[in-house]
């Protein structure tokens, strides 16, 4: 393409709403304070056992993790619908969907393998004896 | 025919007109490309998280998470990584107006925090192995060392990258290319903190609850 001067490149770097790393003190501090709270609560829930049921505690811990990931995405990674014409957000959502399918799908399938397949295999083994 | 068209359209264009100037060089393309790399790295982590999840109760008669994990140590490491995220943010804020010394100082603080994170993690690995909880002991421990070790390797790579950037800033100052590299490094560093949220939640907290 054409020869770019340094100032021209600098303008280009900023022209497209490339807001990666272009937060303000406010956004970093808000993100940090929210993260501290969203980290401290799940550690406290697990270490001090304020909730008797392990299942309920686990659900709360997962919810706090999801919230903290959102806080980091918005305040630190600066993902929004304007950055890069919305493509960072699209890639992020696509990745999140694949991630959830991969992890939840693997756990679901393997859980059923353990609980459903093993007894029949044991029965087959018993029949063949 | 052609003359008629030129008369009716004062400024004819013979190509697709995009919304705004897309003749940009390296800037936007690099950042978006690096973002796509991070997303594919996230999918790599998803595969390792999935295998850890599948193996997470395969103790093979060996130690369980409750017996071997020390949550205060994990909380310390979480705090170190979280503070390193905001110190990198301060480096980015110092970079924008071109404050070289301040950027270098915040980058150095971030690198030292990252190094202490890796040091605490290596100490944890060392004491686990000394207790006999080695990667070979059970499927759970293989998955644990693979997942946490992979994250630790990423942090180590990030620290090396920070020192490379410190050398480049020292040589050439905050030129546009260095600013672009720092923006990529910043995305990488914050991304690792996001992955760590998954690690401390799914490996440590939910492991101890199990």
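Protein chains in written order, with the working numbering: chain A, 5 to 133; chain B, 19 to 228.
Built from N, CA and C at the ideal position, the CB exists for glycine as well.
Everything numeric in this text was worked out from a predicted model, so none of it was measured.
Problem - Proximity of residue 212 of chain B and residue 76 of chain A at Cβ, strictly below 8 Å - result: In the second chain, residue 212 of chain B corresponds to position 194, counting from 1. In the first chain, residue 76 of chain A corresponds to position 72, counting from 1. Yes, these two residues count as a Cβ contact at 8 Å.
Handout entry: Contacts of residue 103 of chain B in chain A (Cβ-Cβ under 7 Å)
Key = The residue you call residue 103 of chain B lines up with position 85 of the second chain. Neighbourhood of residue 103 of chain B in chain A, by CB distance below 7 Å: 80, in chain order.
Practice task
Reducing DSSP to helix, strand and coil, say where residue 59 of chain A ends up.
Solution key: The residue labelled residue 59 of chain A in the question sits at position 55 within the first chain. Of the three classes helix, strand and coil, the one that applies to residue 59 of chain A here is helix, per DSSP.
Practice task
Would you kindly check if the distance between the Cβ of residue 57 of chain B and the Cβ of residue 106 of chain A is under 8 Å?
Solution key: Here the question's residue 106 of chain A lines up with position 102 in the first chain. Here the question's residue 57 of chain B lines up with position 39 in the second chain. No, these two residues do not count as a Cβ contact at 8 Å.
Handout entry: Closer than 8 Å at the beta carbon, the chain B residues around residue 76 of chain A
Key = On the first chain, position 72 is the one that residue 76 of chain A refers to. Here the neighbours are 103, 208, 211, 212 and 215.
Problem - Residue closest to residue 181 of chain B, alpha-carbon to alpha-carbon, out of B:164, B:199, B:94 and B:52 - result: What you label residue 181 of chain B is simply residue 163 of the second chain in a count that begins at 1. Out of B:164, B:199, B:94 and B:52, B:199 has the C-alpha closest to the C-alpha of residue 181 of chain B.
Problem - Min CB distance residue 205 of chain B to chain A below 8 Å - result: Position 187 of the second chain, counted from the first residue, corresponds to residue 205 of chain B. Yes, residue 205 of chain B lies at the interface with chain A (some Cβ there is under 8 Å from its Cβ).
Practice task
Report the rounded CA-to-CA distance for residue 135 of chain B versus residue 94 of chain A, giving the unit in angstroms.
Solution key: For this step, residue 135 of chain B is matched to residue 117 along the second chain. For this step, residue 94 of chain A is matched to residue 90 along the first chain. The alpha-carbon of residue 135 of chain B is positioned some 32 Å away from that of residue 94 of chain A.
Handout entry: Proximal residues to residue 216 of chain B (C-beta, below 8 Å), its chain only, five neighbours per side dropped
Key = For the purposes of this step, residue 216 of chain B is identified with residue 198 of the second chain, where counting begins at 1. Correct list, in chain order: 63 and 67.
Handout entry: Burial state of residue 56 of chain A (16 or more Cβ within 10 Å)
Key = Translated into the one-based positions of the first chain, residue 56 of chain A becomes position 52. So residue 56 of chain A counts as exposed.
Problem - Local Cβ density within 10 Å of residue 125 of chain B, reported as buried at 16 or more and exposed below that - result: As a position in the second chain, residue 125 of chain B is number 107, starting the count at 1. Buried, by the Cβ-count rule.
Handout entry: Min CB distance residue 39 of chain A to chain B below 8 Å
Key = As a first step, residue 39 of chain A must be located in the first chain, where it is residue number 35. True, the Cβ-Cβ gap to chain B drops below 8 Å.
Exercise for the section: Check whether the Cβ of residue 47 of chain A lies closer than 8 Å to any Cβ atom in chain B. Expected result: Within the first chain, residue 47 of chain A is the residue found at index 43, counting from 1. Cβ-Cβ to chain B under 8 Å: yes for residue 47 of chain A.
Exercise for the section: Could you work out which residues of chain B lie near residue 88 of chain A, taking near to mean beta carbons separated by less than 9 Å? Expected result: Along the first chain, read from residue 1 onward, the residue named residue 88 of chain A stands at position 84. What residue 88 of chain A touches in chain B: 46, 49, 50 and 53.
Problem - residue 110 of chain A: contacting residues in chain B (beta-carbon distance under 8 Å) - result: Locating residue 110 of chain A in the first chain gives position 106, where the first residue counts as 1. Going along chain B in sequence order, the residues near residue 110 of chain A (Cβ under 8 Å) are 68, 69, 71 and 72.
Practice task
Measuring only between beta-carbons, confirm whether residue 97 of chain A sits less than 8 Å from chain B.
Solution key: As a first step, residue 97 of chain A is located in the first chain; it is residue number 93 there, counting from the start. At a cut-off of 8 Å between C-beta atoms, residue 97 of chain A does not count as an interface residue with respect to chain B.
Exercise for the section: Have a look at B:75, B:81 and B:131 and flag the residue whose alpha-carbon is nearest the alpha-carbon of residue 97 of chain B. Expected result: Residue 97 of chain B sits at position 79 when you count from the first residue of the second chain. Comparing Cα positions, the closest option is B:131.
Exercise for the section: Would you verify that the beta carbon of residue 101 of chain A is, or is not, closer than 8 Å to some beta carbon of chain B? Expected result: The residue labelled residue 101 of chain A in the question sits at position 97 within the first chain. Answer no: the Cβ-Cβ gap between residue 101 of chain A and chain B never drops below 8 Å.
Problem - Length of the line joining the Cα atoms of residue 11 of chain A and residue 164 of chain B - result: Your numbering for residue 11 of chain A matches position 7 in the first chain. Your numbering for residue 164 of chain B matches position 146 in the second chain. Reliability fails at residue 11 of chain A, whose pLDDT of 48 lies under 50, so the model's placement of it is uncertain and no value is given.
Practice task
Work out the CA separation of residue 137 of chain B and residue 38 of chain A for me, nearest whole Å.
Solution key: As a working mapping, residue 38 of chain A is identified with position 34 in the first chain. As a working mapping, residue 137 of chain B is identified with position 119 in the second chain. Near 26 Å, if we compare the C-alpha coordinates of residue 137 of chain B and residue 38 of chain A.
Handout entry: Buried versus exposed call for residue 112 of chain B [16 or more other C-beta atoms within 10 Å across all chains shown]
Key = Counting from one through the second chain, the residue named residue 112 of chain B turns up at place 94. So residue 112 of chain B ends up on the buried side.
Practice task
Evaluate residue 228 of chain B with the Cβ neighbour count: other Cβ atoms within 10 Å of its Cβ, from every protein chain shown; 16 or more gives buried, anything less gives exposed.
Solution key: Taking the second chain and counting its residues from 1, one reaches residue 228 of chain B at position 210. The residue in question, residue 228 of chain B, is exposed, as its Cβ has fewer than 16 Cβ neighbours within 10 Å.
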